[in-house]
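Inspection log for the structure reproduced underneath, given as structure tokens.
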Amino acid sequence: MNKRKPTKIVPTLAVVAMAIAVLATASADARIVVEEQFIYEPVEANIDGQNGGIGFDGPWVSSVSHGRIYWIRSPGLSFSTLPVAGNALSRYGSAGRAQAHRLLSDASRVSLTGDNTTVWFSVLFQAPSAHRYAAFLFGTYKFSTQGSVMLGDGDEDRNPPYTPVDGQGFGFTLTGADGTSDGGGTINALAFNNSSAPTVVAGAFNPGTETSLIVAKINWKPDGAPDELFLFNITDLASEPSEAAAIVSITNLVFNQSAFNTVAMWDTNNAIFDEIRFGHTFADVTGVLDPNLPSVDAGRDVITWSGEPVTLDPNVVIKQGSGWTDLTYAWSAEPSDGVEFSDPDAFAPTVTIAKSTDNPSVVTLTLAVNNEGRTEPPVTDAMTIELYDDSCLAAKAVGSLELDPTDIDGNCNTDFKDFALMDVRWLDDYVLIGPIPE
Ligand SMILES: [Ca+2]
Ligand SMILES: [Ca+2]
Ligand SMILES: [Ca+2]
87 MNKRKPTKIV PTLAVVAMAI AVLATASADA RIVVEEQFIY EPVEANIDGQ
137 NGGIGFDGPW VSSVSHGRIY WIRSPGLSFS TLPVAGNALS RYGSAGRAQA
187 HRLLSDASRV SLTGDNTTVW FSVLFQAPSA HRYAAFLFGT YKFSTQGSVM
237 LGDGDEDRNP PYTPVDGQGF GFTLTGADGT SDGGGTINAL AFNNSSAPTV
287 VAGAFNPGTE TSLIVAKINW KPDGAPDELF LFNITDLASE PSEAAAIVSI
337 TNLVFNQSAF NTVAMWDTNN AIFDEIRFGH TFADVTGVLD PNLPSVDAGR
387 DVITWSGEPV TLDPNVVIKQ GSGWTDLTYA WSAEPSDGVE FSDPDAFAPT
437 VTIAKSTDNP SVVTLTLAVN NEGRTEPPVT DAMTIELYDD SCLAAKAVGS
487 LELDPTDIDG NCNTDFKDFA LMDVRWLDDY VLIGPIPE
């Protein structure tokens, strides 16, 4: 049998196994439950169908009035050292009334609505026009397109006063307390309390046409006790505001917040919304790192093939003095069909994945790290496994391997089958034997 030249790299199974790791991609901040930075293009296109961000279930859906769409606005808003990216959401022109909304994932809804928990959201906001009405809501339903009340599908052409469809929600608006007046420009607290008519409480802060970081703190009280909404105009990212520093609050309404699954906006004009974040602490929604959190790296992305076990290789570093002593681990997969962990609660389990029909199929594995008994969301990081049908296809996908020209049938091995193929053509002569007209 012929000897191979030593410089050639033959893609045997062992070599493929050694070549499977590629650089891991950066993952989003794990402590944020919901994040929308509007990393969308093209600029000035309708927002409908855009489906990025974290913690949502489904894309943006908006309405059009007098040809005025909710669109992708560039540049995005920025404020101090708040992490920003991409563009923003606004509306072309000022005619009519329109709404935009997006549904939260069920996991986000559950994470953000527990009794006896505190949740926060933050929004970069700017109302560049003289007439300012816009509204932002975390609740059970989108806005009507005719006013800052929640109406069911098919009710969008009604004028005030509105026929109610029961809804609940907390948020803010520049609309006046009667729900229809030209807003005075202050950031007002907004609530829907099983009624169509909004509860609007006038606030003390008028942002004018400047960009503001509006932050809300919501205390979900035990069932039957009034829940609490506090709104803040944040000027210092480094210090969590006290409830007494709120620009406006609503603390006398009882909600069943468990159905809050919608982030909704409404406008007659062209206010700008950007960098929407929901989380469990002020630091989470303002991008200020909690120095106590461990660093979590799920490991490098991997290329492999169907059914081949992969031993995961995460890295978790505890900060000294942080009080994190009894770590818990939880691995999850998306999609999860065909994924088998040796132990999903182990630090570094082995995972075996039966590939789907996608080519390649990519499975995202997320490692969630928490401390025993800690109630805040875990610190998470994700890595991906890219799967091919077999080790040969995986070897070709790695791309760094020089495929051997003697592997005539391209199955990643040179053997007698290749020799047989060559033998069929042995001493064949392909030279021209005379001129050929073109
Ligand atoms: Ca942005
Ligand atoms: Ca409640
Ligand atoms: Ca071969």
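Sequence positions in the sequence shown follow the numbering used here and run 87 to 524.
We put the CB at the ideal spot given by N, CA and C, even for glycine.
Since the model is a prediction, treat every value here as computed from it, not as a measurement.
Local Cβ density within 10 Å of residue i, reported as buried at 16 or more and exposed below that
i, result
"Lys199", "Position check: residue 199 holds Thr in this sequence, whereas Lys was assumed. Buried, because 16 or more other Cβ atoms sit within 10 Å of the Cβ of Thr199."
"Pro92", "For Pro92, the predicted model reports a pLDDT of 34, less than 50, meaning its position is unreliable and no value from the coordinates is stated."
"Asn280", "exposed"
"Thr461", "exposed"
"Met508", "exposed"
"Pro464", "buried"
"Asp370", "buried"
"Asp387", "buried"
"Trp417", "buried"
"Thr295", "exposed"
"Arg545", "Past the edges of the chain, shown from 87 to 524, lies residue 545, and the structure says nothing about it."
"Tyr516", "exposed"
"Asp322", "exposed"
"Gln136", "buried"
"His217", "exposed"
"Ile125", "exposed"
"Ile133", "buried"
"Thr354", "buried"
"Ser230", "buried"
"Gln343", "buried"
"Ser197", "buried"
"Pro491", "exposed"
"Asn356", "buried"
"Ile522", "exposed"
"Lys228", "buried"
"Pro161", "exposed"
"Pro293", "buried"
Residues near residue i in its chain [Cβ-Cβ closer than 6 Å; skip 5 each side]
i, result
"Pro395", "Thr436 and Thr438"
"Leu168", "Gly373"
"Phe316", "Lys303, Glu329, Ala332 and Ser335"
"Ile320", "Leu299 and Val301"
"Ser194", "Val119, Val120 and Gly141"
"Ser381", "Val403"
"Glu314", "Asn305 and Thr337"
"Gly144", "Leu189"
Distance between beta carbons of residue j and residue i, contact taken as under 8 Å
i, j, result
"Ser149", "Ile358", "That pair is no contact at about 18 Å."
"Thr470", "Val448", "5 Å"
"Ala171", "Leu163", "About 11 Å; that fails the 8 Å criterion."
"Glu326", "Phe291", "At roughly 18 Å, the Cβ-Cβ gap does not stay under 8 Å, so Glu326 and Phe291 are not in contact."
"Gly141", "Ser191", "6 Å"
"Thr466", "His366", "Not really, about 14 Å apart at Cβ, beyond 8 Å."
"Gly424", "Ala440", "4 Å"
"Pro201", "Trp306", "Per the sequence shown, the amino acid found at residue 201 is Asp instead of Pro. The Cβ separation is near 5 Å, so the contact holds."
"Ala311", "Val340", "7 Å"
"Asp412", "Glu458", "4 Å"
Residues near residue i in its chain [Cβ-Cβ closer than 7 Å; skip 5 each side]
i, result
"Arg159", "Asn173, Ala174, Leu175, Ser176 and Ile358"
"Phe224", "Phe207, Gly255, Phe256, Gly257, Phe346 and Val349"
"Glu122", "Gly139 and Ile362"
"Asp493", "Asn499, Thr500 and Asp504"
"Asp309", "Asp201"
"Phe222", "Val209, Gly257, Phe258, Met351 and Phe359"
Contact set for residue i: own chain, Cβ-Cβ below 8 Å, skip 5 residues either direction
i, result
"Asp495", "Lys503, Asp504 and Leu507"
"Asp399", "Gly385, Arg386 and Ala434"
"Ala263", "Asn274, Val286, Val287 and Ala288"
"Ser392", "Ile439, Ala440, Lys441, Leu473, Tyr474, Asp475 and Asp476"
"Ala483", "Ile389, Pro446, Glu472 and Tyr474"
"Phe318", "Ile300, Val301, Ala302, Lys303, Pro327, Ala331, Ala332 and Ile333"
"Glu127", "Ile158 and Asn173"
Evaluate the contact criterion for the stretch 203–217 versus the stretch 346–362: three or more CB pairs, one atom per stretch, below 8 Å. Taking a cut-off of 8 Å on C-beta distances, the stretch 203–217 touches the stretch 346–362, as three or more cross pairs fall below it.
Inter-stretch contact (C-beta, 8 Å, three-pair minimum) for the stretch 367–377 and the stretch 115–124: Yes, the stretch 367–377 touches the stretch 115–124.
Check whether the stretch 180–190 touches the stretch 145–162, counting contact only when three or more Cβ pairs, one atom from each stretch, lie closer than 8 Å. A contact is defined here as three or more CB-CB pairs under 8 Å, and the stretch 180–190 meets this definition with respect to the stretch 145–162.
Heavy atoms of ligand 5 versus C-beta positions, residues under 5 Å: Within the structure as shown, ligand 5 is missing, the only ligands being ligand 1, ligand 2 and ligand 3.
Counting pairs of Cβ atoms below 8 Å between the stretch 274–289 and the stretch 251–264, do you hit three or more? With the cut-off at 8 Å, the stretch 274–289 and the stretch 251–264 touch.
Go through the stretch 433–492 residue by residue and report every complete run of the alpha helix (DSSP H) that reaches 4 residues or more, in order. Entirely contained in the stretch 433–492, the alpha helix (DSSP H) runs reaching 4 residues are, in chain order, 477–484.
Return the chain-ordered ranges of every beta strand (DSSP E) run that is complete within the stretch 378–427 and spans a minimum of 3 residues. Whole beta strand (DSSP E) segments, 3+ residues: 381–383, 387–391, 401–403, 413–420 and 425–427.
Going residue by residue through the stretch 141–181, where are the continuous beta strand (DSSP E) segments of at least 3 residues, counting only ones entirely within it? Qualifying beta strand (DSSP E) stretches, in chain order: 156–159 and 174–177.
Would you list, in sequence order, the uninterrupted beta strand (DSSP E) runs of no fewer than 3 residues that lie entirely inside the stretch 302–354? With a minimum length of 3 residues, the continuous beta strand (DSSP E) runs that stay inside the stretch 302–354 are 313–320, 334–339 and 348–353.
Beta strand (DSSP E) runs wholly inside the stretch 194–239, at least 3 long, in chain order: Taken in chain order, the complete beta strand (DSSP E) segments of 3 or more residues contained in the stretch 194–239 are 203–212 and 221–225.
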